[in-house]
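Beneath this line is the structure, given in structure tokens, with notes to follow.
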């Protein structure tokens, strides 16, 4: 039987919280897509979907990030969605479009070879259990203080996977599953298997009928789910999990129902034997691999809550070529050299596995309390970066690393890392750190799960290499506290939070540039000399045409003679959980240009020079685009880099400019892009018949790039 694992195992400690600003996002009307039902459908079918959304009365279009999925408005909150037969199985972002622009995304799953079924109530007692055929996908919703029951028939020895997808598809539920025999005996149960979502690997003990019982952990009602009951191949993972770009490699897949294509494996999960299947692939080449992560299913279930864990992963998702390719995809990471495989026995310090640096090693915690020891002798003295990838590759473990010298003296212990910044949660349980090593000396390194877990699911990739300074940059809508789309009101502006993960001591300037902007939309290059955060402001001309689409951000830095260029990865807030933001990746940065903004701000000059420990005075010009927008506009700093102090002042009521002052400390010379935020009380009517309500509207100023120089000697 499968059991719910303690949520404590998924609790992150020691994280970094960085607040860019206490300011909220602009309070102009903005759509928020809260829910879409059903959560998915089969390719080649048409389905009616219901949405739940805020500020969406006149919204009549759903858009998907695949051109083969189309929508047709039926009535308020209801759409007909058609999925072309050639749309690949996977998850897709769906957004709502309306007068207020584009909403935040929600996930919609597309499957192949399943029969879609709608839950029929009442189904909360065995006599009323809804009958299901194998290879069905149920669109259901949890009952408050109740349960949903489904009845299916199976033959003795028939193996089924019962997969309840909810958190994976942007729903804040916490589903529990069990399989019950005709006499009421509980045969199997599951809670957190893929993140919060349960999965049961069930082998029928005899011919007959069985019940599936589904309920929310806290018996909360109204949470949609997609319940899949299938006897098709189900892939658990593959080994190794690291591959070299462009080089053929043989992989071993573990899973269920592989049939004659596979063979029995010695691996088990919860006493259920697994199958294995060997196959070869040639990963994408180095040019395609650099700095990217391409996914089929959004990686929203790598942890108990959706996270931005993959923001520092270079890799891709792969479907194992078995059973028609409808099995769950697995994540592989790119290695920058040959991949070493972990081998047992290596679970004692006195019996380590010899390895050679530079090292990329694919390993597994084979059994509970397994600890993997490795021994190496650096050829060069210096600082070495150490990382373990597990949460990032859905490896299930919470590893930590200990490095000791030849006498057993502990040099360092490395554990969790990552940034939490406003709506962005990039903190994860993978160790990232560095240690100074001597040439010719022997060292031993231990990798172990923090909670002593082990088995077929608990995989990791260990890298040890000379410090290779690099960076990853993520962008997320500056939402506080609810999810939001990115919309620019004509003449106004909006902004993204930028989160920078610097690796192996990379401390050089990074430049962020936007491409693919439509006519009338603009963005200045953003300069981030040595910080881990920043902002990128988009603004639109007052006469910019209405538009919706996607844009691209690119980050560039220099390390020695090498130019490092990476895509800026887009993320979205999903929801809050006990005050902790949940976030996940998107395939694209969707933006829209909508109605006229109440005001705009522009600094003059926008590229000034100032000496270290000096002061800079400049003007900010306000253009009041609404006649009724006459209140004072307060201007504050938005996440300014350390060393800058901005004197918060106002552009007086009815005035169109003000003089402001910036103090610069004893800081590193270079170019710094600063973001200033206006806040103004604006009377807003939601419709022509409504009474105007004074609303604090926050709109950023077009960005200033300040060049800090040394004082003349």
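In our numbering, the protein residues as written are 221 to 933.
For glycine and all other residues, C-beta sits at the position ideal for the given N, C-alpha and C.
What you are looking at is a predicted structure, and each value in this text was computed from that prediction instead of being measured.
Residue i in three-state terms, based on DSSP
| i | result |
| --- | --- |
| residue 352 | coil |
| residue 542 | coil |
| residue 259 | coil |
| residue 930 | coil |
| residue 484 | strand |
| residue 904 | strand |
| residue 506 | helix |
| residue 920 | strand |
| residue 228 | Below a pLDDT of 50, predicted positions are generally treated as unreliable, and residue 228, at 26, falls in that range; the measurement from the model is reported next regardless. DSSP places residue 228 in helix when its eight states are reduced to three. |
| residue 271 | strand |
| residue 388 | helix |
| residue 722 | strand |
| residue 311 | strand |
| residue 531 | helix |
| residue 479 | helix |
| residue 705 | coil |
| residue 891 | strand |
| residue 611 | helix |
| residue 520 | coil |
| residue 685 | strand |
| residue 559 | coil |
| residue 899 | strand |
| residue 914 | strand |
| residue 677 | coil |
| residue 669 | strand |
From the options, residue whose alpha carbon lies closest to that of residue i
| i | options | result |
| --- | --- | --- |
| residue 555 | 297, 280, 534 and 927 | 534 |
| residue 730 | 693, 359, 443 and 315 | 693 |
| residue 450 | 516, 459 and 336 | 336 |
| residue 518 | 315, 793 and 327 | 327 |
| residue 618 | 321, 609, 601 and 838 | 609 |
| residue 406 | 394, 395 and 430 | 430 |
| residue 667 | 591, 735 and 876 | 591 |
| residue 465 | 513, 901 and 853 | 513 |
| residue 699 | 802, 827, 905 and 789 | 802 |
| residue 409 | 397, 416, 415 and 568 | 397 |
| residue 736 | 256, 784, 812 and 704 | 812 |
| residue 681 | 650, 659 and 655 | 650 |
| residue 477 | 386, 763 and 380 | 380 |
| residue 877 | 867, 303 and 853 | 853 |
Contacting residues, own chain, Cβ-Cβ under 7 angstroms from residue i (five flanking each side not counted)
| i | result |
| --- | --- |
| residue 928 | 830, 832, 884, 887, 889, 890 and 892 |
| residue 848 | 903 |
| residue 653 | 606, 632 and 634 |
| residue 713 | 757, 758, 759, 820, 919, 920 and 922 |
| residue 481 | 497 and 542 |
Beta-carbon proximity list for residue i, same chain, < 6 angstroms, skipping 5 on both sides
| i | result |
| --- | --- |
| residue 770 | 808, 809 and 810 |
| residue 489 | 676 |
| residue 696 | 643, 644, 717 and 791 |
| residue 821 | 840, 842, 898 and 921 |
| residue 383 | 419 and 448 |
| residue 738 | 767 |
| residue 313 | 285, 325 and 806 |
| residue 301 | 267, 269 and 291 |
| residue 638 | 646, 647 and 648 |
| residue 751 | 861 |
Buried/exposed call for residue i, threshold 16 Cβ in 10 Å
| i | result |
| --- | --- |
| residue 715 | buried |
| residue 246 | With a pLDDT of 45 at residue 246, under the threshold of 50, the predicted position of this residue should be treated as unreliable, though the coordinate-derived value follows. The residue is buried, with at least 16 neighbouring Cβ atoms inside 10 Å. |
| residue 462 | buried |
| residue 283 | buried |
| residue 793 | buried |
| residue 782 | exposed |
| residue 364 | exposed |
| residue 851 | buried |
| residue 388 | buried |
| residue 705 | buried |
| residue 298 | exposed |
| residue 588 | exposed |
Short CB-CB distance (under 7 angstroms) between residue i and chain D
| i | result |
| --- | --- |
| residue 347 | No chain D is present in this structure, which holds just one protein chain. |
Own chain, CB closer than 8 angstroms to residue i, minus 5 neighbours either side, in chain order
| i | result |
| --- | --- |
| residue 198 | Shown here, the chain extends from 221 to 933; a query on residue 198 therefore has no answer. |
Handout entry: Secondary structure, beta strand (DSSP E): runs of 3+ residues fully inside the stretch 434-464
Key = 444-450 and 454-459
Exercise for the section: Output the residue ranges of the beta strand (DSSP E) runs that lie fully inside the stretch 318-379 and measure 3 residues or longer, sorted by chain position. Expected result: 326-331, 335-338, 356-361 and 368-374
Problem - Every unbroken beta strand (DSSP E) within the stretch 777-847, with a cutoff of 3 residues, ordered by chain - result: 782-787, 789-797, 800-805, 809-816, 819-824, 829-831 and 835-844
Problem - alpha helix (DSSP H) runs contained entirely in the stretch 723-776, provided each spans 4 or more residues - result: none
Problem - In chain order, each alpha helix (DSSP H) run of at least 4 residues that lies wholly inside the stretch 593-645 - result: none
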